[in-house]
Amino acid sequence: MPVFRKVEIEDPSKLVFGIAKHPLSYGLGLKIGQGEVVPEVKFFPKAISEKDEEAFKKEVESITKDILDRAVELGVGSLQIETEQSFMETKNPRLVAEVTNIQKSVMEKYAGEYGIKLGLRVTVADIRDFREGLRHTAEYNLMLEAFEKAASNGADILSIESEGGKDVFNYSILRQDVRGILFSVGLLGPLDMSFLWRDIVGIAKRNSSIPGGDTACATANTAMRIAGGVRSMNIPHTLAAVVRAVSASRSLVAYEEGATGPGKDCGYENVIVKAITGYPMSMEGKSSACAHSSLIGNIASACCDLWSNEQVENIRLFGGSGPQVFLEILYYDCKLMNRAIALGEQNRLRDMLVSSDKFEDPQAFVLSPEAAVEIGKAIVSEKGYYRRGISACFKAVELMENESNLRLSPPEKRFLLNLKKVLETLPDDEDEFREQMCKAFYGRVQTFRERDYWP
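Numbering (the numbering used here), first residue to last: 165 to 619.
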């Protein structure tokens, strides 16, 4: 499997929406990263229990048709639909097979009748119970079976939001424990992903699907949500920015195990991953306000190849169903970006999107193309998950310290200084760090087991 030793995109001016160094073609004629940004719409069915399987299948079929009907009316030429499974669906692989087959059959019909280019991403839920363990459990086997059923029934892209290390992360982020955060995101997460993604990639290859990618939703997005908005400081925003930087070293692991993108939308760190890998990435930002608020709504689109709404419930709005309305919002965002590409003005529009957010919050700052390339270089300059994580942290801190235009309050500046001091006390050796952290979290986090990561 590839181990990235250098970034694929060294020039930040080449890190731009709609264009990937290693583009993809898949599904029903869909082309990603080849000079066009494609909308990716994600939905959540209404509160219909999966126990009523027939009603559930009918609703998913209806949502899929609604989305495609709106796409046809708008003249959308290319579209990806993402189906993100609930826990109950992943626990029922037979239902996964039936739902995926229904969706793909509907999509094939519309592609044949209207010529629309389509792709289907299926995201399997991480249903593992930390109390039972992360490897070789009944839940783990159900996840793999759900992947198998999705892939064999028409899923073009396979993804997951894996949660390895989240128990330690939750404990650490609430206490602003930098060492615990680095342990969970920079070491435990990558170790879990390496194990998991070997299986996912194998399933994808057997079924001619594409292993898309993973995200740090369970960790970096948690930090972002806790950090809050401009008035909030439940945790320092500089800390959330550093968590985002180190999360890129974690999400990279999927690609080193054989994933090829497009990366999944809620991985805001994907801009850094795109700089390292050159693979296409899905992103979300302002058009995902239906799911959560953030301070990175414009900058997130600067380098996207697919543009997503995160997730919207299948509710009725004046303009149609929730998924229809958000498809339309995404489509016009993409239409503007694609027009800029056609006119050769993509970098000009990208720079406007970046500058509107970049200096307003450190979480946005670390996602600028320039910062993404620098953090990416810092990650691949090191060997080993732990050293990569530390390198990402140091680079993010350095970039924030050296940018005079970045808006940082006095408390944020103090925290950044203290954070740097903590990083400077960390051991160089991964085994030494592992020993320290395992001793620290045994018993303190009841579900943490060393054997889940080092069997």
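Here a beta-carbon is modelled for each residue, glycine too, at the ideal position from N, C-alpha and C.
These figures come from a predicted structure and were not determined experimentally.
| query | result |
| --- | --- |
| Which of helix, strand or coil does DSSP assign to glutamine 510? | helix |
| In angstroms, rounded to a whole number, what distance separates the CA positions of tyrosine 304 and aspartate 216? | 24 Å |
| In chain order, what are the residue ranges of uninterrupted beta strand (DSSP E) at least 3 long that sit wholly in the stretch 346-410? | 374-377 |
| By DSSP, does lysine 187 sit in helix, in strand, or in coil? | Reading off the sequence, residue 187 comes out as proline, not lysine. Of the three classes helix, strand and coil, the one that applies to proline 187 here is strand, per DSSP. |
| With H, G and I counted as helix, E and B as strand and the rest as coil, what does DSSP make of threonine 287? | strand |
| When the Cα of glutamate 567 is compared with those of Arg551, Glu614, Ala528, which residue comes out closest? | Ala528 |
| Tell me glutamate 477's beta-bridge partners as DSSP assigns them. | Phe208 |
| Using the rule of at least 16 other Cβ atoms within 10 Å of the residue's Cβ for burial, across every protein chain shown, is glutamine 610 buried or exposed? | exposed |
| Within 10 angstroms of the Cβ of threonine 398, are there 16 or more other Cβ atoms? Answer buried if so, exposed if not. | Per the sequence shown, the amino acid found at residue 398 is asparagine instead of threonine. With fewer than 16 Cβ atoms within 10 Å of its Cβ, asparagine 398 is classed as exposed. |
| Write down the C-beta distance between cysteine 468 and valine 171 rounded to the nearest angstrom, noting that I regard them as a contact closer than 8 Å. | So it is not a contact: roughly 18 Å between Cβ atoms. |
| In its own chain, which residues sit with a C-beta less than 8 Å from the C-beta of isoleucine 266, not counting the 5 before and 5 after it? | Lys221, Val224, Glu225, Thr228 |
| Apply the 10 Å Cβ neighbour rule to glutamate 474 and answer buried if 16 or more other Cβ atoms are within range, or exposed otherwise. | buried |
| Just to check my reading of the structure: isoleucine 543 and isoleucine 460 have Cβ atoms closer than 8 Å, yes? What is that Cβ distance to the nearest angstrom? | Contact doesn't hold; Cβ gap of about 20 Å is too wide. |
| Could you give the distance in angstroms between the alpha-carbon of proline 176 and the alpha-carbon of glutamate 218? | 50 Å |
| Return the chain-ordered list of same chain residues with a C-beta closer than 7 Å to the C-beta of arginine 389, the five sequence neighbours on each side being excluded. | His456 |
| Return no unless some Cβ of chain B is closer than 9 Å to the Cβ of aspartate 525. | In summary, chain B is missing from the structure at hand, where a single protein chain is found. |
| Under DSSP, the alpha helix (DSSP H) around glutamate 448 begins and ends at which residues? | Here glutamate 448 belongs to no alpha helix (DSSP H); instead the beta strand (DSSP E) covers 446-448. |
| Considering only residues of the same chain and omitting the five flanking positions on each side of alanine 504, which have a CB-CB separation below 6 Å? | Gln510, Leu513 |
| In angstroms, rounded to a whole number, what distance separates the CA positions of leucine 494 and arginine 608? | 44 Å |
| I'd like to know whether the C-beta atoms of serine 411 and glutamate 433 end up nearer to each other than 9 Å. | yes |
| From which residue to which residue does the beta strand (DSSP E) around threonine 247 run? | 242-248 |
| Between proline 375 and lysine 450, what straight-line distance do the alpha-carbon atoms span, to the nearest angstrom? | 27 Å |
| Give the secondary structure of proline 203 by DSSP, where H, G and I count as helix, E and B as strand, and everything else as coil. | strand |
| Using beta-carbon positions only, say whether glycine 422 and lysine 438 come within less than 9 Å of one another. | no |
| Would you kindly work out how many angstroms separate the C-alpha atoms of arginine 299 and aspartate 616, rounded to a whole number? | 6 Å |
| Bridge partners for leucine 322 per DSSP, in chain order? | Val286, Pro375 |
| Please confirm whether any heavy atom of the ligand ADP lies closer than 8 Å to the CB of isoleucine 440. | The model depicted lacks the ligand ADP and carries no ligand whatsoever. |
| The alpha helix (DSSP H) that contains leucine 587, what's its start and end? | 574-588 |
| Give every residue of the same chain whose Cβ lies closer than 6 Å to the Cβ of leucine 232, excluding the five residues on either side of it in the sequence, and list them in chain order. | Tyr274 |
| What does the Cβ neighbour count give for leucine 507, buried or exposed, with the cut at 16 atoms within 10 Å? | exposed |
| So the alpha helix (DSSP H) glutamine 267 belongs to, where does it begin and stop? | 257-278 |
| What does the Cβ neighbour count give for histidine 186, buried or exposed, with the cut at 16 atoms within 10 Å? | exposed |
| Would a C-beta distance cut-off of 9 Å place leucine 238 and valine 205 closer than the cut-off? | no |
| Under 9 Å, do methionine 564 and glycine 344 count as touching if we go by C-beta distance? | no |
| Identify, in the order they occur along the chain, each residue of the same chain with its Cβ nearer than 7 Å to the Cβ of valine 417, setting aside the five sequence neighbours on each side. | Pro354, Met357, Ser358, Trp361 |
| Output the distance between the C-alpha atoms of methionine 447 and asparagine 334, rounded to the nearest integer angstrom. | 24 Å |
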